[in-house]
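See structure below.
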Amino acid sequence: MAGRFEKRGDIGLIIINNPPVNAISVAVRSAIVDGLNQASADAGIKGVVIVCEGRTFMAGADITEFKGAPKHPTFPEMLDVVEAFAKPAVAAIHGTAFGGGFEIALGCNYRVAVASAQVGLPEVKLGILPGAGGTQRLPRLIGVEAGLNAIVSGDPIPAPVAAKAGAIDKIVEGDLLEAAIAFLNDKIAAGGPHPKVSQIRIDPASLPADFFEAARKRIAKERRNLFAPQRIIDAVEAAVNLPLEEGLVRERELFVQCATNSQSKALQHVFFAERQVAKIPGLPADVKPRDIKSVAVIGAGTMGGGIAMNFANAGIPVTVLEVAQEGLDRGLGVVRKNYEASAAKGRITPEQVETRMGLIRPTLSYDDLKDADLIIEAVFETMEIKKTVFGQLDKVAKPGAILASNTSYLSIDAIAGITGRPGDVVGTHFFSPANVMRLMEIVRGSQTAPDVLATTLELAKRIRKVGVVAGNCHGFIGNRMLEGYGREAGLLLLEGATPQQIDGALYAFGMPMGVLQMGDLAGLDVGYKSRKDRDPASYETRATRVADRLVEAGRMGQKTNAGYYDYEPGNRTPKPSALVQQIIEETAAEFQIQRRAISDAEIIERCFLSMMNIGCEILREGHAYRASDIDIVYLNGYGFPAYRGGPMFWAENEIGLATALEKIKGFAASVGPRWWTPSPLLEQLVAEGRGFASVGA
10 MAGRFEKRGD
20 IGLIIINNPP
30 VNAISVAVRS
40 AIVDGLNQAS
50 ADAGIKGVVI
60 VCEGRTFMAG
70 ADITEFKGAP
80 KHPTFPEMLD
90 VVEAFAKPAV
100 AAIHGTAFGG
110 GFEIALGCNY
120 RVAVASAQVG
130 LPEVKLGILP
140 GAGGTQRLPR
150 LIGVEAGLNA
160 IVSGDPIPAP
170 VAAKAGAIDK
180 IVEGDLLEAA
190 IAFLNDKIAA
200 GGPHPKVSQI
210 RIDPASLPAD
220 FFEAARKRIA
230 KERRNLFAPQ
240 RIIDAVEAAV
250 NLPLEEGLVR
260 ERELFVQCAT
270 NSQSKALQHV
280 FFAERQVAKI
290 PGLPADVKPR
300 DIKSVAVIGA
310 GTMGGGIAMN
320 FANAGIPVTV
330 LEVAQEGLDR
340 GLGVVRKNYE
350 ASAAKGRITP
360 EQVETRMGLI
370 RPTLSYDDLK
380 DADLIIEAVF
390 ETMEIKKTVF
400 GQLDKVAKPG
410 AILASNTSYL
420 SIDAIAGITG
430 RPGDVVGTHF
440 FSPANVMRLM
450 EIVRGSQTAP
460 DVLATTLELA
470 KRIRKVGVVA
480 GNCHGFIGNR
490 MLEGYGREAG
500 LLLLEGATPQ
510 QIDGALYAFG
520 MPMGVLQMGD
530 LAGLDVGYKS
540 RKDRDPASYE
550 TRATRVADRL
560 VEAGRMGQKT
570 NAGYYDYEPG
580 NRTPKPSALV
590 QQIIEETAAE
600 FQIQRRAISD
610 AEIIERCFLS
620 MMNIGCEILR
630 EGHAYRASDI
640 DIVYLNGYGF
650 PAYRGGPMFW
660 AENEIGLATA
670 LEKIKGFAAS
680 VGPRWWTPSP
690 LLEQLVAEGR
700 GFASVGA
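This note's numbering numbers the first residue of the sequence shown as 10 and each following residue consecutively.
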């Protein structure tokens, strides 16, 4: 039973119990409606408290109902009953009151909460807007600007902050239910009327004449390309200009526009994909993770220092090893500067800076790693160096310690083979900056022990990363697909596109920056050095020739103020370079490529369909468990826009797999078949009329 009605003297209690998060299913909505109807019919009841059992208040809608036909009572129908309830009602909040849970609370006369509670309207993160009065009631309650910002951000609001804004009437201590009953009795004793948010009127003249126009421009920049935030502004404008009843109708119209927009489908795909990613086929449910109480990181450079910060942030002691005192001092100096910058922005306190720095122990000796439960190497990306490090770790690490490599491309099995404990070896591929980026590719070697895999997955959550398990192949998931992305951009340069056209098309698509600008940021010399260790037959040398020439000319990217673009010292704004254009045209002539006009559409299709085709091969080979895992890698590690769902989702839902296959065949004919041979999996799916959801776990 999802809820029940009880009497406590002259107070009615509607008690919701729908584990694990009291999602507002049709059964919960029915329990609320039934409880209010019983309270209305009982003359002896003077008021009602809505409270939840378990770890939280109603944390939001039951998202599984989004895909089916509406179930009655619907959210609006339930809120109509709450609104019409003639006796005072109090929402007693603990845990989280998100989305529909907060909308129910806003429909009540009063709201009380424990100090640890959080409230909010996060629907925008699913590509929709609050559809049960949230856009109409919250601005009335806390003010238009504060309400609009809260709904557009979708971020949680701590109860004390919400109370200060006026969304919570009282922060209570002790037993929540008893405190809520006492609060309600006090209000009843004081006499009515008991306020309803719906009765609050907003004076349009209280706002600047251009308030909503300015909001649209500002939010268009802050939430680039997103559909729902602009509809939220429309809904809040309706709250200002219309009575509640008419505003609710307008809100519903806008909700439907959002719910039927492609972005909503994509963002809901992302929501479910993130929850699937930790489900590993074949991993026993009863496997017990190893206990990780201390960590060591080898390398104090940008990556090593960032990795160390993750563990210090989680309160886990971490030892950082370098080969020279100068490098150690420099690396930990950068870590301190990062923490102090966060403190200056108010994200952490000065005391937290010192606490976290105190958890990081510097050393020059491998002997100081002997007690670590997990050791992560973050040294240069060459197999020779990696093997030397792991050979040393095999000698000093205690039995049962997990040995992890932060390699971006190299074989975990080859690295593990240098040790006498290959079952303890796993890949932990962090993304730069490691203390910021959410993704951690967890690379499962052929002998990685189940409990090592389980431990690494659990640890990813502990340090607030999204851990995605990948198989052991060159580049794993993300960087293997990235080769297709970079290759096509390099070829498009030779065929007629300019750097600014390529990057402009990718930026307009939704990427945070174009692939060439990204190369300048990372350093063009990184790829140059990597290619020196590779067989030229394993990659497209024409596509990398311009980058090679730029490096050989001393143009390494932003660090030299020159790469694909020119940069002014201290300014990261890219500027077109006549010299680069000359190098591009000379290289095209070298390969006898006839330059032509190229459309932005071709740039998008070649860059992302090449990625998707490689993704199909990764999926076919079993190096990814699900297509949605691939999407999560690209959303969290490479900046692929979440509102497009990831490269696999985009190809299936915006292009269509059959159309994608035809385009790939077309590029095989026009560009060449070497890199454009369709994946057998893609051909099979199209032939059988299936989608990616039918493949894998």
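Glycine included, each C-beta is placed from N, C-alpha and C at the ideal position.
Counting C-beta pairs with one atom in each stretch, the segment 402-420 and the segment 375-389 have three or more that are closer than 8 Å, which means they touch. Between Gly175 and the set Leu502, Ala353, Ala155, Ala78, the nearest pair of CA atoms involves Ala155. When DSSP assignments are scanned along the segment 604-669, the uninterrupted stretches of alpha helix (DSSP H) that are 4 or more residues long and fall wholly within it turn out to be 609-629, 636-646, 656-659. Burial state of Asp184 is exposed, judged by a 10 Å Cβ sphere holding fewer than 16 other Cβ atoms.
With 16 or more other CB atoms across the displayed protein chains lying within 10 angstroms of its CB, Met318 is buried. A distance below 6 Å between beta-carbons, with the five flanking residues on each side excluded, links Ile472 to the following residues of its chain, in chain order: Asn319, Ala323. Taking Phe518 as the centre and dropping the five residues before and after it, the same chain places the C-beta of Ile613 closer than 6 Å to its C-beta, in chain order. A straight line joining the alpha-carbon of Tyr576 with that of Gly129 spans about 42 Å. Burial state of Leu22 is buried, judged by a 10 Å Cβ sphere holding 16 or more other Cβ atoms. Between Ala514 and Gly523, the CB-CB gap stays under 9 Å.
A Cβ-Cβ distance of about 7 Å is found for the pair Pro508 and Leu502, placing them in contact under the 8 Å criterion. Glu549 has its alpha-carbon roughly 21 Å from the corresponding atom of Ser420.
Excluding its 5 nearest sequence neighbours in each direction, Thr328 has C-beta neighbours in its own chain below 7 Å: Ala305, Arg370, Thr372, Asp377, Leu378, Ala381, listed in chain order. Looking only at Val265, Ser374, Lys196, Pro359, the smallest Cα-Cα distance to Leu330 is reached by Ser374.
Selection Glu561, Arg558, Gly579, Ala562 evaluated against Lys568 yields Gly579 as nearest (Cα-Cα). Glu663 and Glu283 have their C-alpha atoms roughly 21 Å apart.
For the pair of segments examined, the segment 585-605 was found not to touch the segment 640-654: the number of CB pairs separated by less than 8 Å stays below three. Beta-bridge pairing by DSSP links Gln127 to Thr105, Pro167.
By the C-beta density criterion, Glu246 is buried, having at least 16 other C-beta atoms within 10 angstroms. Pairing Gln456 with Gly432 gives a Cβ-Cβ distance under 9 Å. With distances taken between CA atoms, Ser688 lies nearest to Glu671 out of Val680, Ser679, Glu671, Ala702. DSSP links Thr437 through a beta bridge to Ile451. Contact check for Arg453 against Lys474 fails: the beta carbons are separated by 9 Å or more. Spatial neighbours of Met565 in its own chain (CB-CB distance under 7 Å, excluding positions within 5 residues in sequence) are listed in chain order as Gly532, Leu533, Asp534, Gly572. A direct Cα-Cα distance of roughly 44 Å separates Ser637 from Ala93. Shown here, Asp575 sits in a strand according to DSSP, grouped into three states. Distance between Ile102 and Ala294, taken at the CA atoms: about 34 Å.
Around the CB of Leu402, 16 or more other CB atoms lie within 10 Å, so the residue is classed as buried. Distance from the CA atom of Gly63 to the CA atom of Ala52, rounded to whole angstroms, is 30 Å. DSSP, read as helix, strand or coil, puts Thr372 in strand.
Pairwise C-beta distances place the segment 218-236 out of contact with the segment 75-85, as fewer than three of them are shorter than 8 Å. Here Arg13 is bridged, per DSSP, to Ile24.
Of the residues assessed, Asp640 falls on the buried side of the cut-off, its CB having 16 or more other CB atoms within 10 angstroms. Taking the Cα of Ala425 as reference, the smallest distance to any Cα among Thr397, Ser441, Glu450, Lys407 is reached at Thr397. Rounded to whole angstroms, Tyr418 and Pro79 show a C-alpha spacing of 48 Å.
Annotated as distal: Lys76 and Asp19, with beta-carbon spacing of 9 Å or more.
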